[in-house]
Amino acid sequence: MGVKKKKQTQVTLLTICHPDLETLRSLADVEGKNLASLLLRCVQLTDGVSQIHYVKQIVPLLEKANKNGMCDPTVRSCLDILAGIYLSLNLKNPLKKVLARKVIDNLSSCMENFDLGRTSVNNLLENVLHFLRKSLIEISEENRQVLCFHACISSLLLGSVDCASVPAWLLNCCGDLCCPDVSQSALLFLCQGTLTMLDWQDGRMGPSREALLLDTVHVLFTLSSQIKESTLEMFLSRILVCWTNSAIHVLESSSPSLKDSLNGNSSIVRRLLEYVYTHWEHPLDALRHQTKIIFRNILQMHQLTIEEPEKSDLAADHFILELTESLLRLEWHSKGKYTCLGCLVEYIGIEHILALAKTVPSQILEVMGDQSLVPYASDLLETMFKNHKSCLKSQAVDNTWIDKWHETWVSPLLFILCEGNLDQKSYVIDYYLPKLLNCNPDSLSYMVKILQTSADAKTGSYDSRGALGALMACLRTARAHGHLQSATDAWRDLVSSERIKQGLIHQHCQVRIDTLGLLCESNRSTEIVSTEEMQWIQFFITYNLNSQSPGVRQQICSLLKKVKFLIIKCRKANFMSSICSSLFEALFPGSSYPTRFSALTILGSVADVFPVPEGHVQTVYQLSHDIDVGRFQTLMECLTGTFEEVKILAFDLLMKLPKTVVQFQDSEKLQGLFQAALELSTSTKPYDCVTASYLLNFLIWQNALPSSLSPHLKTHWVACGDGDKSAAVVENNTLMVIKCLLENLEEEISQAENSLLQAAASFPMYGRVHCITGALQKLSLNSLQLVSEWRPVVEKLIMMSYRLSAVVSPVIQSSSPEGLIPMDTDAESASRLQTILNEIQPRDTNDYFNQAKILKECDSFDLEDLNASMPSIDASTEIKGSIYKVYIVIRLLSFSINRIFIFDFVLKVKEIGAYFKQHLLQSRHRGAFELAYTGFVKLTEILNR
Numbered sequence: 001m002g003v004k005k006k007k008q009t010q011v012t013l014l015t016i017c018h019p020d021l022e023t024l025r026s027l028a029d030v031e032g033k034n035l036a037s038l039l040l041r042c043v044q045l046t047d048g049v050s051q052i053h054y055v056k057q058i059v060p061l062l063e064k065a066n067k068n069g070m071c072d073p074t075v076r077s078c079l080d081i082l083a084g085i086y087l088s089l090n091l092k093n094p095l096k097k098v099l100a101r102k103v104i105d106n107l108s109s110c111m112e113n114f115d116l117g118r119t120s121v122n123n124l125l126e127n128v129l130h131f132l133r134k135s136l137i138e139i140s141e142e143n144r145q146v147l148c149f150h151a152c153i154s155s156l157l158l159g160s161v162d163c164a165s166v167p168a169w170l171l172n173c174c175g176d177l178c179c180p181d182v183s184q185s186a187l188l189f190l191c192q193g194t195l196t197m198l199d200w201q202d203g204r205m206g207p208s209r210e211a212l213l214l215d216t217v218h219v220l221f222t223l224s225s226q227i228k229e230s231t232l233e234m235f236l237s238r239i240l241v242c243w244t245n246s247a248i249h250v251l252e253s254s255s256p257s258l259k260d261s262l263n264g265n266s267s268i269v270r271r272l273l274e275y276v277y278t279h280w281e282h283p284l285d286a287l288r289h290q291t292k293i294i295f296r297n298i299l300q301m302h303q304l305t306i307e308e309p310e311k312s313d314l315a316a317d318h319f320i321l322e323l324t325e326s327l328l329r330l331e332w333h334s335k336g337k338y339t340c341l342g343c344l345v346e347y348i349g350i351e352h353i354l355a356l357a358k359t360v361p362s363q364i365l366e367v368m369g370d371q372s373l374v375p376y377a378s379d380l381l382e383t384m385f386k387n388h389k390s391c392l393k394s395q396a397v398d399n400t401w402i403d404k405w406h407e408t409w410v411s412p413l414l415f416i417l418c419e420g421n422l423d424q425k426s427y428v429i430d431y432y433l434p435k436l437l438n439c440n441p442d443s444l445s446y447m448v449k450i451l452q453t454s455a456d457a458k459t460g461s462y463d464s465r466g467a468l469g470a471l472m473a474c475l476r477t478a479r480a481h482g483h484l485q486s487a488t489d490a491w492r493d494l495v496s497s498e499r500i501k502q503g504l505i506h507q508h509c510q511v512r513i514d515t516l517g518l519l520c521e522s523n524r525s526t527e528i529v530s531t532e533e534m535q536w537i538q539f540f541i542t543y544n545l546n547s548q549s550p551g552v553r554q555q556i557c558s559l560l561k562k563v564k565f566l567i568i569k570c571r572k573a574n575f576m577s578s579i580c581s582s583l584f585e586a587l588f589p590g591s592s593y594p595t596r597f598s599a600l601t602i603l604g605s606v607a608d609v610f611p612v613p614e615g616h617v618q619t620v621y622q623l624s625h626d627i628d629v630g631r632f633q634t635l636m637e638c639l640t641g642t643f644e645e646v647k648i649l650a651f652d653l654l655m656k657l658p659k660t661v662v663q664f665q666d667s668e669k670l671q672g673l674f675q676a677a678l679e680l681s682t683s684t685k686p687y688d689c690v691t692a693s694y695l696l697n698f699l700i701w702q703n704a705l706p707s708s709l710s711p712h713l714k715t716h717w718v719a720c721g722d723g724d725k726s727a728a729v730v731e732n733n734t735l736m737v738i739k740c741l742l743e744n745l746e747e748e749i750s751q752a753e754n755s756l757l758q759a760a761a762s763f764p765m766y767g768r769v770h771c772i773t774g775a776l777q778k779l780s781l782n783s784l785q786l787v788s789e790w791r792p793v794v795e796k797l798i799m800m801s802y803r804l805s806a807v808v809s810p811v812i813q814s815s816s817p818e819g820l821i822p823m824d825t826d827a828e829s830a831s832r833l834q835t836i837l838n839e840i841q842p843r844d845t846n847d848y849f850n851q852a853k854i855l856k857e858c859d860s861f862d863l864e865d866l867n868a869s870m871p872s873i874d875a876s877t878e879i880k881g882s883i884y885k886v887y888i889v890i891r892l893l894s895f896s897i898n899r900i901f902i903f904d905f906v907l908k909v910k911e912i913g914a915y916f917k918q919h920l921l922q923s924r925h926r927g928a929f930e931l932a933y934t935g936f937v938k939l940t941e942i943l944n945r
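The numbers in UniProt numbering rise by one with no breaks, and the one at position 203 of the sequence shown is 203.
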């Protein structure tokens, strides 16, 4: 929390005009002790603060002057100059305050002993007599009018004004208010004006003003039952708050006649309570807040109406007792109950409420499983246990009070943590436990002692946290809020090492998370991680990477990332090295998806926290130092799995490593890997082409393409140097890979034009297009440098896309757009395919295509959903995947065609637009139609730019 700087007041320099300066010089004495000399030295100073000290010396000089001193021309001239200075200064200038307070006031006091006052009255005798006459006659008339004014407002509020007796001028001014059918809003704001404009604190109410106050609240009660509009309801609640504040001011000014009308047993208070009960769960949050203020003001009003002897024991008051009991009888699912009980606790203390219902803490904790009630319940509990603590401490002479406090507030908490349901435990830990520990941190020892005793008998199970889970939750919360520090070894005195390990491998996942959080979370960023804590964290990693819950995996990775930031402070490189070794060991061939996901995520966060340094900067740890040939090969094997999330994590981790780690020194290995990527790109297994895409992108961005790919690439590679990942190198590599893929794709399209079914079975074109799409998506198409080289490639790519789309579009536009699975013989399948092809004929209108049936809702095509082990070949699935990728390719290229095709830009836009329009009109497949629609929209955005 920052320290607020003290605001410095600027003191403007005091100056006078040249004639006044000459006057002071002429009046100054030789010794420099008279008033003129003092003023002259003051105005010659260059510091405003110093001038303040000189001005303050004027008063002693005037006090020393004799009785005739005020008639001295020197003094009079100086006073004229002082008055001019005073009028010329800014209002906020401290010099003005000094002159007004220290000089003018003291001058007036110096003249009190002269005959000036009597002389002034004689000279102004006529004016004085006129004022006395006005005081006796006119002011009395004004007071009478004010008293009538109160009655007039009451008549307007109550609608009892006789229009026949109302003066014409009043009807012209506010005739609508005099009518009996005044609008609700007019009455509402008339009440507001009455409460805000009249003074209710002067102590001289009188019968008319007291009646006006009571009439106002009765009108408000009537309006509350009539108004249904939320805005007016909000205004009404605020005006009721204003009325209760005015009533408190009246009662504080000792108005005995109103005490009977405003005590707890009066009809007005009952109506106010009824309003509170009706509106304390109103949808408007501000209105609910107003009801809380009204309830608190009701308690204060009642306190002001009772006699002094009864105020010493408010809890025994009949009204307070009845109000408390009625609130306790209400259901705990009423949100307004918590707010009103909180006001009562502040008013009479918690001990009186506990005397009526000892189990109130347990009852409130029981309802904390309802998320909507948790904030209200936790705030009420905090108000209660803070009040109880202060009461017990004020009554006790030693520390024995803490036992009673623990029994009342901590024991119910521990019961919920051990026996409550999942929601109760979670909300109590998040909302109630931190507030309790902040109120009394020493209670942690009591909690640990009780839970340690129960942990042996109630260790918990797969679906129950038990006492051990409650213990770890308490310790984690305490450390996260600064009540435990690792450096002092204080918390290790509370729980043993065996207990920590027991929590790290507990059957219940949340117990494991809480125990890990105890080790990783701290309220200080400079917290030192001890050696023992590091060993426990490594012990946790060994047994918890294979969690089946995505949420648990996310929490584990998040907590371990916090440890890495603390490791930076501790400079424990050996610990990070051992952690990474454990993670790489978990990536063995055949390891499960959760294990790989967790290990790669943690390794990725290590690479983020400890990035590759630039130059010769020393760092605490570098992941690249722990990666050898075997571990690099392990990361490459992660790209071959069936789960794309694992591939993404492995690819991102490989991209974060420096070029020196990439173990591609042999050109044969480069050629073999590149060839493997090409073969995978034409596999019939969908996840193989995804692997191929990541492999190619890795070779592109690591500048590790084989030299046989292109002589131009080899020359460029040598010029840029090893490890250079500049945009030009990546763009050049991407260009070469796309050229290679296009050559293969062109051959496959030619074969597919002869036999579409054979293409789907032997060399599906989807993989090639997917790899091209992956390469383009990684490249920034808005900042291409090799535009001239890209122009023929993009031209060919667009043409290949059109050809591929033409080959596979019959399936998308057929009467069976959702799938065609050959079942018997190739002849039958070919016959069926021919039938579908015959269905698609050019038509002049779109009427025919309005009859297309969408047999299945399909927002996007997901490769993971394909069953790779299916013995039969779903030709239409492969073909649809191809056309989806065609759409994506054309959509990606549409962003850069304005730079690549400078001269025939309009022609290309029309061509691509016609392509998308054709598929919008003819596609019967939902997913194909939506992709074509998206592509068309993207194309129009180019025209807008």
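All C-beta atoms, glycine included, are put in the ideal place defined by N, C-alpha and C.
Around the Cβ of ARG133, a 10 Å sphere holds fewer than 16 other Cβ atoms; the residue is exposed. Using a Cβ distance threshold of 8 Å, ARG553 and VAL511 do not count as a contacting pair. Runs of the alpha helix (DSSP H) lying entirely within the stretch 740 to 775, each at least 4 residues long, are 756 to 762 in chain order. Taken through DSSP and simplified to helix, strand or coil, SER726 comes out as coil.
THR640 and CYS580 have their C-alpha atoms roughly 21 Å apart.
When DSSP assignments are scanned along the stretch 633 to 698, no uninterrupted stretch of beta strand (DSSP E) that is 3 or more residues long falls wholly within it. Closest by C-alpha distance to VAL737, out of ALA761, SER923, GLU753, LEU695, is LEU695. A check of alpha carbon separations from PRO764 across ASN744, LEU779, GLY774, GLN777 identifies ASN744 as the nearest. Note that the stretch 362 to 375 does not touch the stretch 308 to 327; fewer than 3 beta-carbon pairs, one per stretch, sit closer than 8 Å. Annotation: TRP409 is outside any alpha helix (DSSP H) and is labelled neither H nor E by DSSP.
A straight-line Cα-Cα distance of about 15 Å links LEU653 and LYS561. In this structure, LEU214 keeps its C-beta atom at 8 Å or more from the C-beta atom of SER224.
If you draw a 10 Å sphere on the C-beta of ALA607, you find 16 or more other C-beta atoms in it, and that means buried.
In this chain, the alpha helix (DSSP H) harbouring GLU351 covers 350 to 356. If you keep only unbroken alpha helix (DSSP H) runs of at least 4 residues inside the stretch 295 to 352, you get 308 to 311, 318 to 329, 335 to 348.
Boundaries for ASP29: no alpha helix (DSSP H) harbours it, and the DSSP string shows neither H nor E there. VAL49 is classed as exposed because its beta carbon has fewer than 16 other beta carbons within 10 Å across all chains shown.
Around the beta carbon of GLU252, a 10 Å sphere encloses fewer than 16 other beta carbons of the protein chains shown; the residue is thus reported as exposed. If you draw a straight line from the Cα of LYS259 to the Cα of LEU304, it comes to about 8 Å. Bridge partners of SER464 according to DSSP: SER461. For PRO375, the enclosing alpha helix (DSSP H) begins and ends at 374 to 395. Counting other Cβ atoms within 10 Å of its Cβ, CYS17 stays below 16 and is therefore classed as exposed. The shortest C-alpha to C-alpha distance from ILE537 to any of HIS508, ILE602, GLN485 is the one to ILE602. The alpha-carbon separation between SER624 and THR595 amounts to approximately 21 Å. Non-local beta-carbon contacts of LEU356 in its own chain, meaning distances under 7 Å to residues more than five positions away in sequence, involve THR324, GLU325, LEU328 in chain order. Taking C-beta atoms under 8 Å as the contact rule, CYS520 and LEU475 fail to qualify, at a distance of about 12 Å. For ARG76, the enclosing alpha helix (DSSP H) starts and ends at 73 to 88.
When DSSP states are grouped into helix, strand and coil, ASP456 belongs to the coil group. Taking the CA atoms as reference points, ARG479 sits about 6 Å from SER522.
SER246: member of the alpha helix (DSSP H) spanning 230 to 252, first to last residue. Contact check for LEU516 against PHE540 passes: the beta carbons are separated by less than 8 Å. Between LYS389 and ASN440, the gap from beta carbon to beta carbon is short of 8 Å.
If you draw a 10 Å sphere on the C-beta of HIS53, you find fewer than 16 other C-beta atoms in it, and that means exposed. Where CYS191 is concerned, the enclosing alpha helix (DSSP H) starts and stops at 184 to 197.
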